[in-house]
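K.L.:
The structure follows.
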Amino acid sequence: MNELEIIAVANLEVTDADEYRKYEKGFFPILKKHNGSFITFDDFPVHKEGDIPLIGRVILFGFKSEEDANNWFEDPEYQQLSEHRRNGTLTHSITFTKVLKR
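Numbers 31 to 132, taken from our numbering, label the letters of the sequence shown in order.
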């Protein structure tokens with residue numbers, strides 16, 4: 031089993047479903063190109079504690095290395111595609127976090 035080295039956490043609110051759908055259609059091939067894998071998404075995350083709850087959609091996906099994660103984010107093809115996300119959502123955050131080795 032391949033362990034993920036980086037987990038990406040995205041938090042956004044979809045404001046234009048048609049525009050965001052354009053992003054979704056192109057997202058997975060570019061993710062795969064950079065050794066990424068989709069984990070899950072949730073439109074109704076349950077906030078348990080703290081002052082700043084996540085709002086809207088939470089998306090988790092992972093990469094085999096930090097280099098893969100950075101290459102995905104900096105890929106000109108992804109940056110062009112991400113204009114649809116920027117135009118179709120209110121993006122609260124996209125955060126990379128390292129996975130602890132077991």
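Yeah, the Cβ is synthetic: ideal placement off N, Cα and C, and Gly gets one too.
Keep in mind the model is a prediction, meaning the values are calculated, not measured.
#1: Just the Cα atoms here: how many angstroms apart are Ile37 and Arg115?
#2: Taking the straight line between their C-alpha atoms, what separation do you get for Ile69 and Phe126?
#3: Where does Tyr50 fall in DSSP's three states?
#4: Measure the alpha-carbon distance for Ile60 versus Tyr53 and round it to whole angstroms.
#5: Below 8 Å on the Cβ atoms is my contact criterion, and I expect Leu84 with Asn41 to pass it. Report the Cβ-Cβ distance as a whole number of Å.
#6: Could you tell me the alpha carbon to alpha carbon distance between Lys78 and Glu49, rounded to whole angstroms?
#7: Let me confirm a value: Ala99 is counted as buried when at least 16 other C-beta atoms fall within 10 Å, else exposed. Which label applies?
#8: List the whole-angstrom C-beta distance separating Leu21 from Gly56, where the pair is believed to meet the contact cut-off of C-beta under 8 Å.
#9: According to DSSP, is His122 part of a helix, a strand, or is it coil?
P.N.:
Based on what the coordinates show:
#1: Reading the sequence shown from its first residue, position 7 is the one you call residue 37. Reading the sequence shown from its first residue, position 85 is the one you call residue 115. Distance between the alpha carbons of Ile37 and Arg115: 19 Å.
#2: Here residue 69 refers to the residue found at position 39 of the sequence shown. Here residue 126 refers to the residue found at position 96 of the sequence shown. Using only the alpha carbons, I get a separation of about 14 Å.
#3: Residue numbering aside, residue 50 sits at position 20 when the sequence shown is read from its first letter. DSSP places Tyr50 in helix when its eight states are reduced to three.
#4: Position 30 of the sequence shown holds residue 60. Position 23 of the sequence shown holds residue 53. The straight-line gap from Cα to Cα measures roughly 11 Å.
#5: Position 54 of the sequence shown holds residue 84. Position 11 of the sequence shown holds residue 41. That belief holds up - the Cβ atoms of Leu84 and Asn41 are roughly 5 Å apart, short of 8 Å.
#6: Position 48 of the sequence shown, counted from the first residue, corresponds to residue 78. Position 19 of the sequence shown, counted from the first residue, corresponds to residue 49. Rounded to the nearest angstrom, the two C-alpha atoms are 31 Å apart.
#7: As a position in the sequence shown, residue 99 is number 69, starting the count at 1. Buried: at least 16 other Cβ atoms inside 10 Å.
#8: Because the chain is modelled from 31 through 132, residue 21 falls outside the range shown and cannot be assessed.
#9: To locate residue 122, count along the sequence shown from 1; it is residue 92. Reduced to three states, the DSSP call for His122 is strand.
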